[in-house]
Structures are given as C-alpha cells and as structure tokens.
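>
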Amino acid sequence: MKATSALDAALNFQDMSDVINGNCKPYSIVSVQDYKMTVKLVDKSLETINNTLHLHIFQADVKAMPTFNLADVVVVKRTKVQKAMGSDNFSLLSNFATIIDVYRARTASPGKLEHHHQWLDQPNRVQYLTPSSLEHGFAEYLHKTINKNALPSIQCFEAEAEKSRHILDKRRELKDVADGMFQDIIVNVVADPYHTGSCSLLWVTDYTENCNFRNVDDSGVSLNEYHQVGDQNKYLTKFGGRETHQVNPRTLSNWCGPAGRFSMLVTCYAEHASIVSKEVKRGSWVELKNVHVRWYGGMLEGVMHEDLEYPERIKVRTLEIVNGEADEMDPRLQNALGRKKAFMKARQRNRKRKALPVADGPETGKIPNARQRRKLTRSAKPAQSTSSDVPLTNRPNEAIHCEYPDRALTSLSSMLDPKLYTVPGPEKLQLPFANIKFKTKVRVVDFVPTNLADFAVKRYISDIDMVKDDSDSDSLSEDDDRGNGAHCVWEWRFALCLEDASSARNDNDNDKEDNSSGLPPTRCWVFVDNFHGQMLLRSEASDLRATKEATRNLREKMFHMWGNLEEIKADAKRRAKFTVEATNIRTKAAAQQKEDLEKAARVAAKKRDREEQKKQAARQYHETNRKEIAFNGGNMKHYKQPEDDSDDDEDDNGGGGGAEANNAMNTGNSNDATQAPVQTPGLSPDQVARLTEIARELEKPVAQLTNRPFVCCLQQYGVRNTVYDNVEDEEDDECEYTWQRTFGMFGTTIRG
1 MKATSALDAA LNFQDMSDVI NGNCKPYSIV SVQDYKMTVK LVDKSLETIN
51 NTLHLHIFQA DVKAMPTFNL ADVVVVKRTK VQKAMGSDNF SLLSNFATII
101 DVYRARTASP GKLEHHHQWL DQPNRVQYLT PSSLEHGFAE YLHKTINKNA
151 LPSIQCFEAE AEKSRHILDK RRELKDVADG MFQDIIVNVV ADPYHTGSCS
201 LLWVTDYTEN CNFRNVDDSG VSLNEYHQVG DQNKYLTKFG GRETHQVNPR
251 TLSNWCGPAG RFSMLVTCYA EHASIVSKEV KRGSWVELKN VHVRWYGGML
301 EGVMHEDLEY PERIKVRTLE IVNGEADEMD PRLQNALGRK KAFMKARQRN
351 RKRKALPVAD GPETGKIPNA RQRRKLTRSA KPAQSTSSDV PLTNRPNEAI
401 HCEYPDRALT SLSSMLDPKL YTVPGPEKLQ LPFANIKFKT KVRVVDFVPT
451 NLADFAVKRY ISDIDMVKDD SDSDSLSEDD DRGNGAHCVW EWRFALCLED
501 ASSARNDNDN DKEDNSSGLP PTRCWVFVDN FHGQMLLRSE ASDLRATKEA
551 TRNLREKMFH MWGNLEEIKA DAKRRAKFTV EATNIRTKAA AQQKEDLEKA
601 ARVAAKKRDR EEQKKQAARQ YHETNRKEIA FNGGNMKHYK QPEDDSDDDE
651 DDNGGGGGAE ANNAMNTGNS NDATQAPVQT PGLSPDQVAR LTEIARELEK
701 PVAQLTNRPF VCCLQQYGVR NTVYDNVEDE EDDECEYTWQ RTFGMFGTTI
751 RG
C-alpha cells in the first residue's frame, strides 16, 4: 500500500511512513484501562519547515507499548488523523486496527534495513498487511535522505525516553494534595464563583479533610481571624473588603460546604476562567486537571494557568450526574457523592440536636423563675470565660505570612547570641556575624523613619553604575550622576524594631509566674531593603510625598503589621512636645523671676551703699568735730554723740532678700510638666492657664500597644565599615575595615 506524507493527510484514515524525531511523551492514564504515549515523527515534507507530527498510541497494558530509538523508520497503517480544536496542526490517533512497523536504524546498515524491522505483537494483523517491497524501499530511501539536522542528539532523546517510562497518576483526593504537586481532582463547588477581569475563584471540596486548608465555619467565614490587628470592631472586614486571593464575603456568598478544613480555594486564569464564568455555579461538580497546588498565605491553594504548549486545551469540565448511570460514573465521583451524603446527614442531625431544649432548663413556653435564671447564668459563665483563653493581642497575626511554614521558630534572644567558631585547641573565636536565616515570632514596637513618607528614598542610576571599578573608591555625587544621563528610581528603605514574642512571657500577659524574672523582652532592629520591601508591601516604591493616596495606602498596609503603633508614637511625640512647652514656660518664668530679683537686689544694694555713705560722712563729721573741741580745750560735756546704727538689721534684711531670691530660683528649676502651676512663682495668668491645660492633657491615660505578634523570616549578615586613623584627612591616612552585624527581613508578606 502506498505511503503518504504527513502534509498530505486529509482523509480520516491514512497509512504513514515517518522517522522518529524528538522525545516520547510520558505515559498518561486516559481511562481506567488505557495508557497513552505520544511520539514525534518527521518526513521529507516536514524537515524543511522544522515541524513534527504527533502520533498518539493507546494500549490497555503498559507492557504492550512499543519501544522506539532515534531515527527509526516507522510505518503506520490504519491510523486516524485528527485536528485539535483551535489549532492548525494535525495529529495521528491509533486504534484497535492500527498496524505499526518499526525499522531499527541503529541495528543494521541501510542496505539491509528491510531485514531488521520489528513486527509488533498485534493479533488483528493479517497477511496482506505485512510490509511490501515498495514499503521496504521507501523506508530505506527515507532513512538515507532524511536531514539529520532535523533530529535531536542521542543524549537528549535517551533522556526524554527514560523520563517517559515513569508513569504518573495525578488523580488525587484533596486530603492527599501537597505543595508543589500537579493534580487532577473531582470536586464540588461550595460557593458562588467570584469573577474578576483576569481570573475566577472557586471554593471546592470533595469532603475529605486536609490540615493545610483554611478553617471555616458553617457559613464559610474564616476562623483564622483576618483583619483583627488593632481592629476589634472589624471595621476593615466590614467596609474594607479583602484582596482578590483572600477570604471575603463576596467570595464566600451562599456557602454550602462543610465546616472545618475541607475546602480549598482554586484560582483559574485565561480560558479556564472563561469556562468557569459561563458553566460553573454553586453546587456544580467539576473535574479540574493539572491543578498546581502551592502554599499561599500559609495555606494550600490551587492555581490553573494556561497551557503554554497547548493553549487550546481546557482543563475545566463540568460533570453531569444522571440517575441510573452509576455504573458509567467515575469511581472518584461516586466516592465523593457518598462522602457528601454522609456529611449532609451529619449536619442535619446536628441541627436537630441544637434545636432541642436544654435538659436542665425551663420548659418551653414558660418564663423561668429567679432560681432558674441564676442557674442558667452560672452555667453560661464558664463557657464565656473559656471561649478565648488567649488575649486578642497575643494571638498570631495571620494577616502576615512568611515562607518556610515547616521551619521551627527561633527566639530572638538566641538569635542575638554571638556565634563561636572552634579552632584547633581549647580556644574559640567569636565571629562578628554569621550568614544564617531563621524564622521567629515577634511584634513591632518602633520604626524609623518616623514619617511614613520617608519610607521610600530617591536614587539616581546611570549606565556607569553597571561597571565596577575597584581602583577608584570615590563615588560620584548626585550632580555628577545627573550629568551622566542618570534616571531617578525610588526604593524602599526603612527599619523596624522587633520585640521577641516567642517566649511564654509574651504569649500570656496574665500569667504572673512567667514574669517573675522581671527581664524586659529582647528587642532587635531589622532592616528592610527595596527587594524585600516590595515583597512585604506587594508594591513598587514611589514618591510618597507626591500623592497622599500612596502614603495612605502604605499606612493602611502597615497597620496590619504594627496595629496602633503609629498612633502611640504620635501621642508620645505630642506628650513630649507638651512637656517641652511646659518646661520652657517654667524656665522662662523662673528666668524672669530671677532677673527681677537680681534687679531688685541691685537696687537695694545701691540704696544701702548710699545710706552707708551718708552714715560714714556723718560719723566722720562728728569725729572731726570732737577732735577740734578736744584740741581747743573745749568742754566735752556739750559734745553730742552720734546715734548708734544697727547694721545687723540691715544685714538681716539684705540676707532675707537673697534667701528669698535663692528660694525662688531653686523653685523655678523644676521641670515637672504635670506640677501644679502655683508652685512656680512669677507666672503670668496666661502661663498659669496654659500649664493647667498641659497638665490636664498629660493626665489622660496613655494608650497601650495592641498589635499582635506575627511570624516572619529574618536573616543575619555583615556590613563592612571603613575606619580611618585620622577622620579629618581620609585620603592620606590608612584605613581599616570592621564588620557590623546586621539583621534584615525577608520572605515576609502582608496579606491584609
């Protein structure tokens, strides 16, 4: 029978002669009994356009699959030609009547190729379908004239052939899915699909439990308590909504699934999302193929992207359940329907049990008396007290997610311990830093810069920045960069002060026994660079001072991490401002009072000096008069003695004024802002009123930090610092390098 080329295949059944090209596709299970293998073929019509023809072989037994080598000539008879929907390429399908003859090109010379063909064990082969001399000649011609450059290397072929022998069954139940797996699942849609412009979200279940799924209640609300960071009234949950890939009321509308960790979120893109929006609804049973299961937000989720090799393939298929056709139904669907039936019965029993009256309570329809009401109140109090054993501020913040969920937690104190390096001998060297990564549980207690608008910094990048010159350590200034055609970029750059929350002291503040040591929790500053800042905030850095919206979005994002920390820092800054103002008022009043007292003291001193001069002149006059009378022999009886003056009183008055001034100056040195204004003399009425107002503001209770601890990834590394012998002249003097231990945050994302 005459063999045709691949491009001439226009009928439903054709006989083909081609050469093995490329790899054999891996076996895949088509149904319960059949296995499938795909082989790439090429002939004279395809070698010029660098294309191949796919031959799909089906066998009930994997051992019956033929084996092929590179450049083998294959004669295929009674095969079907198909054209995939949405594609211009043809392919061949084998059936129960297909005959495949293989000429082993590597086991014989081209002249004896016809003596080394392989007859496959096919019971439906008839005698007249054995290869004819014409087919032998065509196979030999094709073997000699085929372009060897159109064939891959023998190493690539054997590697792909070895890979194809590993049969992979991707059919799984949801309880068996894990991170990084590609699975085929049959599931029930338990909520209305949520559609956006680029994707569709499905909540699905097969009524098997997986501990890595989200925990939801009967209404579909997540029990992981998102949006609870400093938001006890749930304003964000009620008005702010959630991100596309996370739990929100629209995604969980009309929930009909089981409570607990039974449901998984699947995000569909491209054509898959289009099929979901048209055909899938709540309650539908669907078959999802090649679902990529991965960690997202600390939980397992599924993703379905477009097949890059076969974009026309749609891997979302709705399943119709027809009564009376249970024998033709997929066993996985049958098992899932059985589990759903058991779940519905159990939920119905629970609802009936909850509807029953309380055994010890009052009879239905009667008003309970005082004794019954007290009994019900006592029985209800323990349930209320045990509903939340851990305070809200100490529960893990699940709006913050980090990589490596399987890693164990490391305390911040052990992270700060110096690392010792063992050397030969008894001594150990203390390393300045160690390149290590770890996961810890912390809470944010401070941040810098204090202004959120400074979290993004500007930097100029030019083409010469790509060239590293070790000979010149001087970097170009900003003006030089602008002159070299540099462009401006914005980068994230900020630091967070983290407090250790992994110890028992922070897990329960009400436990006094854990606080017996009285030691403050360990704190550490960590740096967030541009790359990890983009991962943390899930946004590019920009000029935050240019638009208020960018700063507002950053503030809302960081609120999920540090809660009311920004408000506490603003209140502390305001209190510090009030304290400084009160201190300035008191200092100014004390200085004014001191100046007034010094001025009064100077006036009093001048007055005393004048009085003393007058007294001294009077005493001198009387003394001169007495001497004249005595010299002239006069009668001293008529001499009038000067009045005695008491300097003690003057000294006492002067000393009293100085003591009063010193007392006033000492009183004016008080810096207590909350001190009553009357304790500082010399205050004006306006100053007294202002100090009273400041004292009233400072007496208000200080807000406590209510942010919740979260789990994040930190890394320790070293930064080299240059130390010069002479700081004033850095060019002429020698320098030495020191290493500073630094901590940075990585692999952490705010999902709130």
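Numbered according to the UniProt record's numbering, the sequence shown spans residues 1 to 752. Cβ atoms here follow ideal geometry from the backbone N, Cα and C, with glycine treated the same way.
(1) So for K289, helix, strand or coil by DSSP?
(2) So, does the CB of I750 fall closer than 8 angstroms to a CB anywhere in chain C?
(3) Please return the same chain residues whose Cβ sits closer than 7 angstroms to the Cβ of T722, not counting the five positions on each side in sequence.
(4) Let me confirm a value: R708 is counted as buried when at least 16 other C-beta atoms fall within 10 Å, else exposed. Which label applies?
(5) Starting from the Cα of E286, find the closest Cα among E306, R261, H305 and L337 and give me that residue.
(6) Distance check for L202 and A342, CA to CA, integer angstroms please.
(7) What does a CB cutoff of less than 8 angstroms around C256 pick up in its chain, not counting 5 residues either side in sequence?
(8) Could you give the uninterrupted runs of the beta strand (DSSP E) lying entirely in the stretch 682–728, keeping only those of 3 residues or more?
(9) Around the C-beta of H272, are 16 or more other C-beta atoms found within 10 angstroms, so that it is buried, or is it exposed?
(10) Which class does V73 belong to by DSSP, given the choice of helix, strand or coil?
(11) Please list the terminal residues of the continuous alpha helix (DSSP H) segment that includes C156.
(12) Quick one: what does DSSP say L431 is sitting in, helix, strand or coil?
(13) Let me check one thing: in DSSP terms, what residues is L201 bridge-paired to?
(14) Taking the alpha-carbon positions, what's the H560 to I400 distance?
(15) For H305, does the three-state DSSP call read helix, strand or coil?
(16) Of the choices A64, D61, H143 and N89, whose alpha-carbon is the least far from that of V75?
(17) Can you say whether N95 is buried or exposed, counting buried as having 16 or more other CB atoms within 10 angstroms of its CB?
(18) Is there contact here, the stretch 444–456 with the stretch 489–496, by at least three beta-carbon pairs under 8 angstroms?
(19) Rank C488, V39, K83 and A695 by C-alpha distance to the C-alpha of S164 and give the top, closest one.
(20) Taking the straight line between their C-alpha atoms, what separation do you get for T410 and K36?
(21) Assign Q740 to one of two classes, buried (16 or more other C-beta atoms within 10 Å of its C-beta) or exposed (fewer than that).
(22) Taking the continuous beta strand (DSSP E) assigned at I100, which residues delimit it?
(23) Residues in its own chain within less than 8 angstroms of N149 by CB, not counting five upstream and five downstream?
(24) I321 by DSSP, collapsed to three states: which one?
(25) To the nearest whole angstrom, what separates the beta carbons of L70 and L134, a pair I think is in contact under 8 angstroms?
(26) Using the C-alpha atoms, what's the distance from L691 back to A576?
(27) Just how far apart, CA to CA, sit R552 and T583?
(28) Rounded C-beta distance between residue 797 and D206? I'm assuming under 8 angstroms.
(29) Could you give the first and the last residue of the continuous alpha helix (DSSP H) run that contains K614?
(30) Which residues in the same chain have their Cβ closer than 6 angstroms to the Cβ of T267, if we skip the five residues on either side of it in sequence?
(31) Out of curiosity, what's the CA-to-CA distance linking A108 and Q155?
(32) In chain order, what residues of the same chain have a beta carbon less than 6 angstroms from the beta carbon of L55, not counting five sequence neighbours either side?
(33) If E306 sits next to A270, beta carbons under 8 angstroms apart, how far is it from one beta carbon to the other, in whole angstroms?
(34) The beta strand (DSSP E) with W255 in it runs from where to where?
(35) Should the stretch 698–715 be regarded as contacting the stretch 436–444, the criterion being three or more beta carbon pairs within less than 8 angstroms?
(36) Would M181 pass as a contact of V528 if the rule is Cβ separation under 8 angstroms?
The answer reads as follows:
(1) strand
(2) No chain C appears in the structure shown, which is made up of a single protein chain.
(3) C735 and Y737
(4) buried
(5) Looking at the sequence provided, one finds Val at residue 286 rather than Glu. Comparing Cα positions, the closest option is L337.
(6) 23 angstroms
(7) V190, A191, R282 and G283
(8) 710–724
(9) buried
(10) strand
(11) I154 to S164
(12) coil
(13) Y194 and T267
(14) 8 angstroms
(15) coil
(16) H143
(17) exposed
(18) yes
(19) V39
(20) 50 angstroms
(21) exposed
(22) I99 to Y103
(23) none
(24) coil
(25) So it is not a contact: roughly 25 angstroms between Cβ atoms.
(26) 14 angstroms
(27) 35 angstroms
(28) Here the chain covers residues 1 to 752 and nothing more, so residue 797 does not appear.
(29) L565 to F631
(30) C199, L201 and V303
(31) Interpretation of A108 is limited by its pLDDT of 48, a score under 50 that renders its predicted location unreliable; no figure is taken from the coordinates.
(32) V39, L41 and L92
(33) 4 angstroms
(34) Premise fails: W255 is in no beta strand (DSSP E) and is neither H nor E.
(35) yes
(36) no
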